[in-house]
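A.B. asks: Take a look at the following structure, please.
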Amino acid sequence: MAEKICILGSTGSIGTQALESCSHLGIEVTAICAGSRIDILEQQIRKHTPKVCAVADERKALELKARVADTSTKIISGAVCSQEICDMTDCDTVLNAITGIAGLLPTVSAIKAKKNIAIANKETLVAAGDIVNELIKENGVIMLPVDSEHCAVHQCIDGRNKDEISKLIITASGGSMFGKTRKELEGVKLADALTHPNWSMGKKITIDSSTLVNKGLELIEAIRLFGIPEDRIDVLVHRESIVHSMASFVDGSVMAQMAVPDMRLCIQYALTYPEKKQGLTAPLNLAKLGKLSFYDVDNEAFPSVELARRAVRMGGVMPAVFNGANEACVDLFLNEKIRFTDIFDYLEYALNTFRPRAEKLTIDSVLEADSEARGLIYELASQKDK
Ligand code: NDP
Ligand code: MG
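Here our numbering is used: the first residue of the sequence shown is 33, the next is one more, and so on.
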């Protein structure tokens, strides 16, 4: 169980819930890190008294430093502060809840500093999972998933041999656009895509949930975390978000993990594993729910999971291309520069157009592919704008 923790992305949806869970569990928060929201950081410093706080935005960091001059928290800032902080305090665990590829280098730093990792930042595993897995082995640390589906799978297969597992079944709420046809999706407005039926999350993952790209990312995340190949991972729509994922076994049995949708359960699991402790999550009342529903994914209207599968089969840096292109698409959609359905077309374009340069999969080749994939998307959007 974690005793001292560093939380990256502490001002976000996962980060704030992680702080709540740490207070509940009595885990000492030795370091926090975020991009720019210093009002929240100031409150967190006063409440949790971390030794160090990293702020990526240097101007905001200066302002925060002045505001918390009466505390003993050291403020650091700059482009690499989220990497430095992993090495600066005596925590045993780093919880990475930064959004996007910006979480990759901090994860690498944390592993090299021999910290156990609680990983919410799925983009790291999608883009560079094989490299991260190697580093974990080399440094003898443990990585546990925070993502609810992977937390569920982990619970279902814990202690099992891989050859006993026939399939992983990742559930998907279907997001805010469930049931819409491709034609109907063309007119989707930003505000509609930002409303999730069951979870309250950061903007990027909320858009990813509405396009089902999140499920594509999670499929790749599951391959990296559990070593199960793509063709043995199914995606199943489950509207109520009660069954968080399942594993089927060679004897025909299926194990499912159920709970009310509450990320604090998953955060706590990653921090207390292998123990289970009294948590903050309300008990599940199945009789009150009455029924649970399941559907196949509509791959025609939402091609995202199929595109993710294609990226995996292409191998090398292509999952990083899929992820980088998607981050650019989400940015453009959030700024109302492209339509909802453009996201699917643009992702397909990125996979069709990208030509990998480097032979070897390294952190540098991953970051280069990420940046080139973004470039392709921004260029395409600007051509269409003319
Ligand atoms: P949010 O947008 O709510 O929070 C993101 C956090 O990352 C903020 O604290 C933000 O700081 C910080 N951040 C962003 N860029 C940087 C940077 N360059 N350096 C340092 N900090 C940075 O996202 P979520 O909490 O929703 O998601 C976080 C991760 O967890 C994502 O990878 C997501 O896919 C995953 N996840 C989230 C779930 C959820 O329920 N929210 C469920 C499962 C997975 P600031 O805002 O101050 O700029
Ligand atoms: Mg998830």
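All residues carry an ideal CB built from backbone N, CA and C; glycine is no exception.
Quick caveat: nothing in here was measured; it's all calculated off a predicted structure.
Under 8 Å by Cβ, that's how I've got Cys113 and Val87 pegged, so tell me the actual separation to the nearest angstrom.
C.D. replies: Within the sequence shown, numbered from 1, the residue matching residue 113 stands at position 81. Within the sequence shown, numbered from 1, the residue matching residue 87 stands at position 55. About 7 Å separates the two Cβ atoms, so the contact holds.
A.B. asks: Helix or strand or just coil, what does DSSP make of Ser273?
C.D. replies: For the purposes of this step, residue 273 is taken as the residue at position 241 of the sequence shown. Ser273: coil per DSSP, three-state reduction.
A.B. asks: Excluding sequence positions up to five away, which residues of its chain have a Cβ less than 6 Å from the Cβ of Glu60?
C.D. replies: Position 28 of the sequence shown, counting from 1, holds the residue named residue 60. These residues qualify, in order along the chain: Lys36.
A.B. asks: Looking at the structure shown, is Ser55 part of a helix, part of a strand, or coil, going by DSSP?
C.D. replies: As a working note, residue 55 is residue 23 in the sequence shown. If DSSP states are grouped into helix, strand and coil, Ser55 belongs with the helices.
A.B. asks: Buried or exposed, going by whether 16 or more other CB atoms sit within 10 Å of the CB of Leu73?
C.D. replies: Here residue 73 is taken as the residue at index 41 of the sequence shown, counted from 1. Buried, since its Cβ has 16 or more Cβ neighbours within 10 Å.
A.B. asks: Quick check on DSSP: helix, strand or coil for Val158?
C.D. replies: The sequence position of residue 158 within the sequence shown is 126, counting from 1. Three-state DSSP puts Val158 in a helix.
A.B. asks: Determine the direct distance from the alpha carbon of Gln49 to that of Trp231, and round the result to whole angstroms.
C.D. replies: Locating residue 231 in the sequence shown gives position 199, where the first residue counts as 1. Locating residue 49 in the sequence shown gives position 17, where the first residue counts as 1. About 13 Å.
A.B. asks: Which of the three DSSP states, helix, strand or coil, is assigned to Tyr305?
C.D. replies: Numbered from its first residue, the sequence shown carries residue 305 at position 273. Coil, per DSSP.
A.B. asks: Put Lys97 into one of helix, strand or coil per three-state DSSP.
C.D. replies: Here residue 97 refers to the residue found at position 65 of the sequence shown. Note: Lys97 maps to helix in three-state DSSP.
A.B. asks: Could you name the residues whose beta carbon sits closer than 7 Å to any heavy atom belonging to the ligand ADP, keeping them in chain order?
C.D. replies: Ligands in the displayed structure: the ligand NDP and the ligand MG; the ligand ADP is not one of them.
A.B. asks: Along the chain, where does the beta strand (DSSP E) containing Met287 start, and where does it finish?
C.D. replies: On the sequence shown, residue 287 is found 255 positions in, with the first residue counted as 1. Here the beta strand (DSSP E) through Met287 covers Val286 to Met290.
A.B. asks: Select from Gly47, Val282 and Gly110 the residue whose C-alpha is nearest the C-alpha of His80.
C.D. replies: As a first step, residue 80 is located in the sequence shown; it is residue number 48 there, counting from the start. Out of Gly47, Val282 and Gly110, Gly47 has the C-alpha closest to the C-alpha of His80.
A.B. asks: Where in the segment 70-122 do unbroken runs of the alpha helix (DSSP H), each at least 4 residues long, occur, reported from the N-terminal end onward?
C.D. replies: Runs of the alpha helix (DSSP H) inside the segment 70-122: 70-80, 90-99 and 113-120.
A.B. asks: Compare the C-alpha of Leu393 against each of Asn384, Pro351 and Gly356 and name the closest.
C.D. replies: Taking the first residue of the sequence shown as 1, we reach residue 393 at position 361. For Leu393, the closest of Asn384, Pro351 and Gly356 by C-alpha to C-alpha distance is Pro351.
A.B. asks: Considering only C-alpha positions, which residue in the set Thr121, Glu253 and Thr43 is nearest to Ala343?
C.D. replies: One-based indexing of the sequence shown puts residue 343 at position 311. Cα-wise, what sits closest to Ala343 is Glu253.
A.B. asks: Count the other CB atoms within 10 Å of the CB of Met295; is the residue buried (16 or more) or exposed (fewer)?
C.D. replies: As a first step, residue 295 is located in the sequence shown; it is residue number 263 there, counting from the start. Under this definition Met295 is a buried residue.
A.B. asks: Report yes if the CB atom of Val185 is closer than 9 Å to the CB atom of Ile149, and no otherwise.
C.D. replies: Taking the sequence shown and counting its residues from 1, the one referred to as residue 185 is at position 153. Taking the sequence shown and counting its residues from 1, the one referred to as residue 149 is at position 117. In this structure, Ile149 does not lie closer than 9 Å to Val185 by Cβ.
A.B. asks: Within 8 Å: the Cβ of Ile108 and any heavy atom of the ligand NDP?
C.D. replies: Numbered from 1 along the sequence shown, position 76 holds the residue referred to as residue 108. No, the ligand NDP has no heavy atom inside 8 Å of this Cβ.
A.B. asks: With a cut-off of 8 Å on the beta carbons, I'd call Met278 and Val269 a contact; round off their distance for me.
C.D. replies: Counting from one through the sequence shown, the residue named residue 278 turns up at place 246. Counting from one through the sequence shown, the residue named residue 269 turns up at place 237. Taking C-beta atoms under 8 Å as the contact rule, Met278 and Val269 fail to qualify, at a distance of about 13 Å.
A.B. asks: For the alpha helix (DSSP H) containing Lys215, list its first residue and its last residue.
C.D. replies: Residue 215 sits at position 183 when you count from the first residue of the sequence shown. It spans Arg214 to Leu217 - the alpha helix (DSSP H) in which Lys215 sits, taken as one unbroken run.
A.B. asks: Is any heavy atom of the ligand NDP found at a distance shorter than 8 Å from the C-beta of Asn230?
C.D. replies: Counted from its first residue, the sequence shown places residue 230 at position 198. Outside the cutoff, so no.
A.B. asks: Could you pull out every residue in the same chain whose Cβ sits closer than 7 Å to the Cβ of Ser137, ignoring the five residues on either side in sequence?
C.D. replies: Mapped onto the sequence shown, residue 137 falls at position 105. For the sequence presented, residue 137 should be read as Leu rather than Ser. Cβ within range, chain order: Gln115.
A.B. asks: Mind reading off the beta-carbon distance from Asp240 to Val362? Whole number of angstroms is fine, and I expect it under 8 Å.
C.D. replies: Walking along the sequence shown from the start, residue 240 turns up at place 208. Walking along the sequence shown from the start, residue 362 turns up at place 330. Indeed, because the Cβ distance is near 7 Å, the residues count as touching under 8 Å.
A.B. asks: Lys106 and Cys123: beta carbons closer than 9 Å?
C.D. replies: As a first step, residue 106 is located in the sequence shown; it is residue number 74 there, counting from the start. As a first step, residue 123 is located in the sequence shown; it is residue number 91 there, counting from the start. Their beta carbons are not under 9 Å apart, which means Lys106 does not touch Cys123 by this criterion.
A.B. asks: Is it true that the CB of Gly407 sits closer than 9 Å to the CB of Ile133?
C.D. replies: Counting from 1 along the sequence shown, the entry for residue 133 is found at position 101. Counting from 1 along the sequence shown, the entry for residue 407 is found at position 375. Cβ atoms of Ile133 and Gly407: not closer than 9 Å.
A.B. asks: According to DSSP, simplified to helix, strand and coil, what is Asn128?
C.D. replies: Within the sequence shown, residue 128 is the residue found at index 96, counting from 1. Strand, per DSSP.
A.B. asks: May I ask you to verify whether the segment 176-185 touches the segment 300-308, counting CB pairs closer than 8 Å and requiring at least 3?
C.D. replies: Yes, the segment 176-185 is in contact with the segment 300-308.
A.B. asks: Under a three-way DSSP split, which group does Val337 fall into?
C.D. replies: Numbered from its first residue, the sequence shown carries residue 337 at position 305. Helix.
A.B. asks: Considering Ser198, what are the terminal residues of the beta strand (DSSP E) in which it resides?
C.D. replies: Numbered from its first residue, the sequence shown carries residue 198 at position 166. Run containing Ser198: Ile197 to Ala204, per the beta strand (DSSP E) assignment.
A.B. asks: Assuming Cys54 and Cys118 form a contact by the criterion Cβ under 8 Å, report the distance between their Cβ atoms to the nearest whole angstrom.
C.D. replies: Taking the first residue of the sequence shown as position 1, residue 54 is located at position 22. Taking the first residue of the sequence shown as position 1, residue 118 is located at position 86. Not confirmed; about 17 Å, so no contact.
A.B. asks: Mapping the DSSP letters down to three states, classify Ala314 as helix, strand or coil.
C.D. replies: The residue given as residue 314 occupies position 282 in the sequence shown. Reduced to three states, the DSSP call for Ala314 is coil.
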